[in-house]
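One structure is given here, and the rest of the page talks about it.
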Amino acid sequence: MRMHWWYRDSNRQIAMIPVVLLGSVLQVPGGVTMKLLAAWNLGAIVYLLLVWLTFRERSSVQLRTLARLSERRRWFDRLVASKPQQIPQVAAAFALIAAAVALPRIEEQGVPVWLAFAQCGLAIVTSWMMLQAGYLLAYLGIYAKEGGLSFPGTPQPLAVDFAYFACAVGTTFATTDVEVTSSRLRRHVLLHGILAFVFNSLIVAILVGVVTTHLSS
319 MRMHWWYRDS NRQIAMIPVV LLGSVLQVPG GVTMKLLAAW NLGAIVYLLL
369 VWLTFRERSS VQLRTLARLS ERRRWFDRLV ASKPQQIPQV AAAFALIAAA
419 VALPRIEEQG VPVWLAFAQC GLAIVTSWMM LQAGYLLAYL GIYAKEGGLS
469 FPGTPQPLAV DFAYFACAVG TTFATTDVEV TSSRLRRHVL LHGILAFVFN
519 SLIVAILVGV VTTHLSS
């Protein structure tokens, strides 16, 4: 397997920095909130694309190799990059900015209402995807080091299996048919479920309320 710079998660996060800075200095219409959400959307899309390029069509052995590569964090990585399980917290914060700050004042964002809705909607979608991606990488990293997950009928799980597990926890707050066999992973699953519940309940409720109010006015 030929190694590329984006195979290390810290490098993927570092790649977001110039994209986010570019998004913040471009002539994006609107105020500070719109510029902030535009920068986040650009950075998140780049990160998710690099994650997809890293793990697509990988064997189980290659997945373990890639997971261990990201586990070896250099001193510089610790300064500028987060651990995978910290990414969802950042994602939730940007989703909250979109849903609780921008949407209630949708007509005050300095852009057409449809564009503000689109920017906020995209921020919520990318934040949700980043939430699941962060925990996918966390689960994969722990599994590669010490196991802790049992996929029925799949002794050598692939990336799609970990994506399935992460999305199952993120949407149903349950582990479905996958068995969690370690306390460390149960702790991550618990935090994932709580964060996903807050995300899905609070942010979606705010979004529906704002859209309904705007359409009825």
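For the sequence shown, the numbering used here assigns the number 319 to the initial residue and increments by one for each residue that follows. C-beta: ideal position from N, C-alpha, C; glycine also.
query	result
Going along the chain, which unbroken runs of the alpha helix (DSSP H) with 4 or more residues stay wholly within the region 414 to 501?	431 to 464 and 477 to 490
With Ala356 as the anchor, note down where its alpha helix (DSSP H) starts and where it stops.	Val350 to Phe373
Would you mind sorting Val496 into buried or exposed? The rule is 16 or more other CB atoms within 10 Å of its CB.	buried
Quick check on DSSP: helix, strand or coil for Arg330?	helix
Could you tell me whether the Cβ atoms of Thr494 and Ala486 are closer together than 8 Å?	yes
Taking the straight line between their C-alpha atoms, what separation do you get for Val338 and Ala385?	25 Å
Are the beta-carbon atoms belonging to Ser388 and Arg326 less than 8 Å from one another?	yes
Going by alpha carbons, who is nearest to Ile405 out of Glu426, Asp479 and Trp358?	Trp358
If Cys438 and Ala411 are in contact, beta carbons under 8 Å, what's the gap, nearest whole angstrom?	Rounded, the Cβ-Cβ distance is 14 Å, inconsistent with contact.
Just how far apart, CA to CA, sit Gln474 and Leu381?	10 Å
Evaluate contact between the region 469 to 484 and the region 452 to 459, counting only Cβ atoms and requiring at least three cross-stretch pairs below 8 Å.	yes
What is the C-beta distance between Val364 and Ala333, in whole angstroms, given that I count them as a contact (C-beta under 8 Å)?	6 Å
Quick check: Thr351 and Ile424, are their CB atoms within less than 8 Å of each other?	no
Suppose you measure from the CA of Arg376 to the CA of Phe491; what does that come to, to the nearest Å?	27 Å
Look at the Cβ atom of His510, then the Cβ atom of Gly488, and state whether they are nearer than 8 Å.	yes
Indicate the three-state DSSP secondary structure (helix, strand or coil) for Ser378 in the structure shown.	helix
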